[in-house]
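Colleague:
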Amino acid sequence: MAHFEPSGLPTLAVYSPYILREEAVLLGVELSLYVAEAMFLLCDDISSMLIFCSKLWRGLKWDLKSSSPVVERLLRVIHLVYSRNTKPKNEVYQIGGKSAQGELMMTTLENFDGGMRDLHKLFLTLQVQGSWADGRELTSSIEEMLKKVEEKLRCANGFVSDVVEPGLVCLWKTLLDKETEETWTREEILIDLFQPLIKQEAAAKH
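Counting from 1, one number per residue, gives the positions in the sequence shown under full-length UniProt numbering.
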């Protein structure tokens, strides 16, 4: 609901749905940037990076279902960063063992998971025009998760967020737009992303 100042010009209320929606998009972008940063840290060992991405996405998919718009956007974020910024040239994948960075990234899964779940609840609140007080509580919870992830990712030297941010903003801005046509289907993304892991597992069985 618009409020009117003495001058007669309307201003948006603090808990305006528009403001909350814009904040939700920004939080989605910020969470995605941290996912991209984690992928950047692991890109020297693509196997570890894909395992990290798989655990993050599948953990949410099992509980929230793949039809959740937030789960769907997370998959597209991972694929965008993978295909444009971290995918090895000439399909050459380095398969390594356990690393300090890999183990560190695994400790962020719980924080990413919590942030994405709260973001899912926030977008549900926006879709049904629920309580804006509930929405504000969720944004605060997501911000706390972001702080915890930030503390663990301080070692990501060389990561340039400006390179990946524009694409992520476009993905999240269309989250509530049901008319958006996606370039890649979910099945195509899953094959492109996780085929190396499938081949690796198949080779290990022989």
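No residue lacks a Cβ here, since even glycine has one placed at the ideal position from N, Cα and C.
Please list the terminal residues of the continuous alpha helix (DSSP H) segment that includes Cys170.
Modeller: Start and end: Ser161 to Lys173.
Colleague: For the alpha helix (DSSP H) containing Thr86, name the first residue and the last one.
Modeller: Premise fails: Thr86 is in no alpha helix (DSSP H) and is neither H nor E.
Colleague: Need the endpoints of the alpha helix (DSSP H) that Cys53 sits in, please.
Modeller: Here the alpha helix (DSSP H) through Cys53 covers Ile46 to Leu64.
Colleague: Contact check, residue 227 vs Pro196 under 8 Å by CB: the rounded distance?
Modeller: The first residue shown for the chain is 1 and the last is 206, placing residue 227 beyond what the model contains.
Colleague: How should Tyr18 be labelled, buried or exposed, when 16 other C-beta atoms within 10 angstroms of its C-beta is the threshold for buried?
Modeller: Counting Cβ neighbours within 10 Å, Tyr18 comes out exposed, since fewer than 16 surround it.
Colleague: In three-state DSSP terms, what is Arg154?
Modeller: Note: Arg154 maps to coil in three-state DSSP.
Colleague: With distances taken between CB atoms, is the gap from Val77 to Leu193 smaller than 8 Å?
Modeller: No, Cβ-Cβ distance for Val77 and Leu193 is not below 8 Å.
Colleague: CA-CA distance, Glu91 and Leu26?
Modeller: Its pLDDT being 47, under 50, Glu91 is placed unreliably in this model, and the coordinates cannot settle the point.
Colleague: Should Phe112 and Pro69 be called a contact, given that it needs their Cβ atoms to be closer than 8 Å?
Modeller: Not in contact: Phe112 and Pro69 (Cβ atoms no closer than 8 Å).
Colleague: Can you tell me which of Gln101, Glu30, Lys65 and Tyr34 puts its alpha carbon nearest to the alpha carbon of Asp44?
Modeller: For Asp44, the nearest C-alpha among the options comes from Gln101.
Colleague: Does the beta-carbon distance from Val71 to Leu80 come in below 8 Å?
Modeller: Contact flag unset, no.
Colleague: Since Val163 contacts Asn85 with CB under 8 Å, what's their CB separation in whole angstroms?
Modeller: Their Cβ separation, rounded to whole angstroms, is 7 Å, which keeps Val163 and Asn85 in contact under 8 Å.
Colleague: Kindly indicate the opening and closing residues of the alpha helix (DSSP H) around Lys121.
Modeller: Taken as a continuous stretch (DSSP letters only), the alpha helix (DSSP H) holding Lys121 covers Leu109 to Gln127.
Colleague: I need the straight-line Cα distance from Ala133 to His120, nearest angstrom please.
Modeller: If you take the alpha carbons of Ala133 and His120, they lie about 16 Å apart.
Colleague: Indicate the three-state DSSP secondary structure (helix, strand or coil) for Lys205 in the structure shown.
Modeller: DSSP places Lys205 in coil when its eight states are reduced to three.
Colleague: Helix, strand or coil for Asn90? Go by DSSP, reduced to three states.
Modeller: Residue confidence is low: Asn90 scores 46 on pLDDT, short of 50, so the model does not pin down where it sits. Its coordinate-derived value is still stated next. Residue state, collapsed to three classes: helix.
Colleague: For Leu33 versus Gly115, is the C-beta spacing smaller than 8 Å?
Modeller: Result no, Cβ atoms of Leu33 and Gly115 do not sit closer than 8 Å.
Colleague: What residue from Met105, Val128 and Glu165 has the CA that sits closest to Val149's CA?
Modeller: Checking every option, the nearest Cα to that of Val149 belongs to Met105.
Colleague: Under 8 Å between the Cβ atoms of Trp184 and Gly28?
Modeller: In this structure, Gly28 does not lie closer than 8 Å to Trp184 by Cβ.
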